[in-house]
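Participant: I have a structure I would like to understand better, so I am pasting it below and will then ask my questions one at a time.
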């Protein structure tokens, strides 16, 4: 199989970082001023929403800022499998012989390519505590801890889906022999 690399989209990442930064500023405004300048809701609830906004969108801004300078391809599809470097919860190489199937899902307006694996625990073990927590939540919601979005890639979702689905179909029966040191 020919190795296919999809670079990270610096434009999409810049838009994401800029949007996240705006929500961080809005979150700080809500914490400092917004909670006390309104009378309809409990000020602690409003400040809590502001705090969650700062933390969540701050994490997205930090992740996106790091990815802007990352020269590693966002996604690699080759004879070994799919190597994902496109998100904050990517796990690197997903070997063909571990993949049980591929499907799609959407959360709000974001579409995801779901990579169903025979042994999800193998990939959860590769992740740090925070990544594993998010991956476990993904598993509860969509049935697999592994998902790929085109949001940070230089391709659209249809191209991503076609590429990975065709590669999976062509490599379904691949059995990777483990290296044995003799």
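In my numbering, the protein residues as written are 220 to 401.
The C-beta atom is built at its ideal place from N, Cα and C for all residues, glycine as well.
Starting from residue 314, follow the beta strand (DSSP E) in both directions and report where the run begins and ends.
Facilitator: First-last of the beta strand (DSSP E) with residue 314: 311–314.
Participant: With a floor of 4 residues, list each alpha helix (DSSP H) that falls wholly inside the region 269–303, ordered by position along the chain.
Facilitator: List check, alpha helix (DSSP H) in window: nothing returned.
Participant: Measuring CA to CA, which of 281, 279, 246 is closest to residue 209?
Facilitator: The requested residue 209 does not occur in the structure, where the chain is confined to residues 220 to 401.
Participant: Count the other C-beta atoms from every protein chain shown that fall within 10 angstroms of the C-beta of residue 401, then say buried if there are 16 or more, exposed otherwise.
Facilitator: Bear in mind that the predicted position of residue 401 carries a pLDDT of just 39, short of 50, making it unreliable; the figure below should be weighed with that in mind. Residue 401 should be labelled exposed.
Participant: As a quick exercise: from 330, 390, 358, 343, pick the residue whose alpha carbon is nearest that of residue 378.
Facilitator: For residue 378, the nearest C-alpha among the options comes from 330.
Participant: Note the first and the last residue of the continuous alpha helix (DSSP H) segment covering residue 376.
Facilitator: First-last of the alpha helix (DSSP H) with residue 376: 376–390.
Participant: Going by beta-carbon coordinates alone, are residue 303 and residue 309 separated by less than 7 Å?
Facilitator: Yes, these two residues count as a Cβ contact at 7 Å.
Participant: Going along the chain, which residues of its own chain have a beta-carbon closer than 7 Å to the beta-carbon of residue 292, five neighbours each way excluded?
Facilitator: 224, 225, 226, 304.
Participant: Give the DSSP-derived three-state secondary structure of residue 238 in the structure shown.
Facilitator: In the structure shown, residue 238 sits in a helix (DSSP, three-state: H, G or I).
Participant: Which residues does DSSP pair with residue 367 in a beta bridge?
Facilitator: DSSP lists 332 as partners of residue 367.
Participant: What residue does the beta strand (DSSP E) around residue 224 start on, and which one ends it?
Facilitator: 223–225 is the extent of the beta strand (DSSP E) around residue 224.
Participant: Who are the Cβ neighbours of residue 229 in its own chain at under 7 Å, not counting the five residues just before and after it?
Facilitator: Here the set comprises 287.
Participant: How many angstroms separate the CA atom of residue 299 from the CA atom of residue 251?
Facilitator: One C-alpha to the other measures close to 51 Å.
Participant: Quick test of your reading: residue 249 and residue 272, contact by CB under 8 Å. State the CB separation rounded to the nearest angstrom.
Facilitator: So it is a contact: roughly 7 Å between Cβ atoms.
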